[in-house]
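**Student:** Residue numbers for the sequence shown follow numbering that gives the first Met the number 0, beginning at 0 and rising by one. Ideal Cβ positions, reconstructed from N, Cα and C, are used throughout, including at glycine. None of the values given here were measured: they were computed from a predicted structure.
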Amino acid sequence: MTIRNRLKLPLSLGRRLPALTADVSRGGFQAELPQVFIPGSRVDGYFLVDEAEVPFRGEVTWAHPGNPSLSLWSSIGVQFLETPKGLEPLFAKLETRPRKVKRKS
Numbered sequence: 000m001t002i003r004n005r006l007k008l009p010l011s012l013g014r015r016l017p018a019l020t021a022d023v024s025r026g027g028f029q030a031e032l033p034q035v036f037i038p039g040s041r042v043d044g045y046f047l048v049d050e051a052e053v054p055f056r057g058e059v060t061w062a063h064p065g066n067p068s069l070s071l072w073s074s075i076g077v078q079f080l081e082t083p084k085g086l087e088p089l090f091a092k093l094e095t096r097p098r099k100v101k102r103k104s
């Protein structure tokens, strides 16, 4: 199991399609974008981290289409084929910050 971190990172799919992450983990990410991809599609691109491009390759595991007439973007889940090395410092920083604990009522 990997910890998902709510994190907005700009990214580019195929150097043509801009998107934004909703969360990122060592195993993959959720992205919000204007288009939707079919599960099983292979994707590649890069994240923009502190003005540096961090390349990635992955596979779309799930997808929810948006609704352009309501200004709702599509969302996809992508599993990394290999965790991008350039994200390791970011994960290390995120994993050391305190976590909020939800209390049961």
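Taking proline 88 as part of the alpha helix (DSSP H), name the residues at either end of that continuous run.
**Tutor:** 87-95 is the extent of the alpha helix (DSSP H) around proline 88.
**Student:** Going residue by residue through the stretch 12-77, where are the continuous beta strand (DSSP E) segments of at least 3 residues, counting only ones entirely within it?
**Tutor:** Whole beta strand (DSSP E) segments, 3+ residues: 16-23, 27-32, 41-48 and 51-63.
**Student:** Taking DSSP as the reference, what is the three-state secondary structure of leucine 8?
**Tutor:** Note: leucine 8 maps to coil in three-state DSSP.
**Student:** Should glutamine 34 and serine 73 be called a contact, given that it needs their Cβ atoms to be closer than 8 angstroms?
**Tutor:** Yes, the Cβ-Cβ distance between glutamine 34 and serine 73 is below 8 angstroms.
**Student:** Could you compute how far the alpha carbon of glutamate 52 sits from the alpha carbon of glutamate 31?
**Tutor:** So the alpha carbons of these two residues sit roughly 19 angstroms apart.
**Student:** Within 10 Å of its beta-carbon, does serine 70 have 16 or more other beta-carbons around it, so buried, or fewer, so exposed?
**Tutor:** It is exposed - the Cβ of serine 70 has fewer than 16 other Cβ atoms within 10 Å.
**Student:** Counting only the same chain and skipping the five closest in sequence on each side, list residues whose C-beta sits under 7 angstroms from that of proline 64.
**Tutor:** These residues qualify, in order along the chain: Val35 and Ser73.
**Student:** What is the rounded straight-line gap between the Cα of leucine 89 and the Cα of arginine 14?
**Tutor:** Computed Cα separation, rounded: 22 angstroms.
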